[in-house]
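Down below is the structure, laid out as structure tokens.
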């Protein structure tokens, strides 16, 4: 063959290069990802060292486990009514069997080579994250962004946020394991932390936080095992504290307000509406106080092509978005105070931002928006968390009637569509999506056996990571477990490849962390 002039290690070099290519392609694009996968498969076929491959496979329990999960999708075709969707699902999930086979048949065993793969992944993240950031702030492009989610130019912002969190954990690992250039990995960790904070991606922030906590838990387990259970309990209780924080202002008593003491007319002589009924803004002010819609309608329609009585870009009633936005600024809802709005404020309102705090950078702005959603859960449409709650409620109804064998590969969306109609869901048609919870999706699709296999797949990996002293494997599986709660990670090619790649790379029986 043409590459034999590379010597006896030609296949090893190509194998490592293909795996590095997968690592690069994960943040970059699907083309690099697909080409690297094909090169990895073809290299194994051409090398044809099948006896060694089989011997390696026989000892790889984790590879058999994840492969059996993919095979379950094939079996699930037996009771599906949507064969085309089922076959598409099997194609999307091919990385679950292909990547573990590549990494198990010819395992990476040297720490130096493992680090090459890590650095390839981190290098791709550095390029894509800087490109995203510089584009967003207008240095290298003049893109017009509707909201912060446009920050991700190379794929799903949700998936990318998780990739950034994993990159941060790899940087942290390399900081502790490398004797040289520690400062570089410290800087990379700081950059990825900043990017996570700035991008406002809840999944990414969750993955980042869980990753840091998982590192602490791992070392507590290694050196202070008696504290491990207590620390794990604290980790489980954290979501409770977050929910208490999100709901706490709901318990606060509305501020006392003497409506008679308020101005009854605007500076233009029009009557104000003063009402303490309805929502109170988190800043303590009432939304329907100091309100003159006659003036708001006229002023708004003079400066915007969006109709005052229409909807914003998120599908929300625009006039309510405007009222909430002005209330968040402490303004009266009249012509005089409307003139204090800048063009940037008009764009924010058109884009569906109902609170000026939501337009600021940082994850706390995103948390503020979610908090408002929880406390004013009237219409779920256009609100990511409230829509997810509807997905989960609908998904659970499907589980209760299909708990044994599920609905089959390919029928999940059909089952959701029917259940939404039965429940008279408040979600509009375009928002009637799937579960956004991997555990629910697996249970809905394959029933009790499917969810049992999936949980076993995770639990076995978790146990193995502790027994083999793999900190990164432990961190990765906890990140995966947490993001599975709020995302259908395994329903996209990037999500499946991400899971399969790190699941296989970090779980080889021969410890890849030795020198």
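In the numbering used here, the protein residues as written are 563 to 1077. Just so it is clear, CB atoms sit at the ideal spot from N, CA and C, and this is done for glycine as well.
query	result
Contact under 9 Å by Cβ, residue 883 with residue 914	yes
With 16 other Cβ atoms within 10 Å as the buried cut-off, status of residue 653	exposed
Simplified DSSP state of residue 656, which is helix, strand or coil	coil
Contained alpha helix (DSSP H) runs [length at least 4] in the segment 618–673, N- to C-terminal order	623–637, 645–654 and 657–667
When 750, 586 and 1052 are compared against residue 734, the one with the closest alpha-carbon	750
Given 8 Å, three or more beta-carbon pairs between the segment 649–666 and the segment 1049–1060	yes
Residues bridged to residue 835 [DSSP beta-bridge criterion]	853
Residue 577 beta carbon less than 9 Å from that of residue 605	yes
Contact under 9 Å by Cβ, residue 835 with residue 851	yes
Rounded C-alpha distance that separates residue 648 from residue 894	55 Å
Short CB-CB distance (under 9 Å) between residue 874 and chain D	Considering every chain present, this structure includes no chain D. It has just one protein chain.
Cβ pair count under 8 Å reaching 3, the segment 870–878 against the segment 825–839	no
C-alpha gap between residue 622 and residue 725, whole angstroms	26 Å
Spatial distance of residue 784 from residue 775 (CA atoms)	14 Å
Backbone secondary structure at residue 870 - three-state DSSP	coil
Span of the alpha helix (DSSP H) around residue 579	572–590
Assigned secondary structure, residue 895 (DSSP; H/G/I helix, E/B strand, else coil)	strand
Residue 625 vs residue 589 beta-carbon contact at 9 Å	no
Same chain, Cβ closer than 6 Å to residue 581, neighbours up to 5 away in sequence not counted	679
Supposed contact pair residue 918 and residue 890 - C-beta distance, whole angstroms, cut 8 Å	5 Å
When 635, 603 and 782 are compared against residue 1003, the one with the closest alpha-carbon	635
Other residues of its chain near residue 629: CB distance less than 8 Å, five sequence neighbours each side excluded	658, 659, 662 and 663
Those runs of the alpha helix (DSSP H) which lie wholly inside the segment 946–989 and span at least 4 residues	946–963 and 974–984
Bridge partner(s) assigned by DSSP for residue 827	833
Under the three-state DSSP convention, the category residue 699 falls into	coil
Sequence-distant residues of its chain with Cβ nearer than 7 Å to residue 859 (five each side left out)	870
Nearest neighbour of residue 769, chosen from 1046, 953 and 987 [CA to CA]	1046
Cβ pair count under 8 Å reaching 3, the segment 1027–1034 against the segment 990–1003	no
Rounded C-alpha distance that separates residue 946 from residue 868	23 Å
Residue burial classification, residue 963 (beta-carbon count within 10 angstroms, cutoff 16)	exposed
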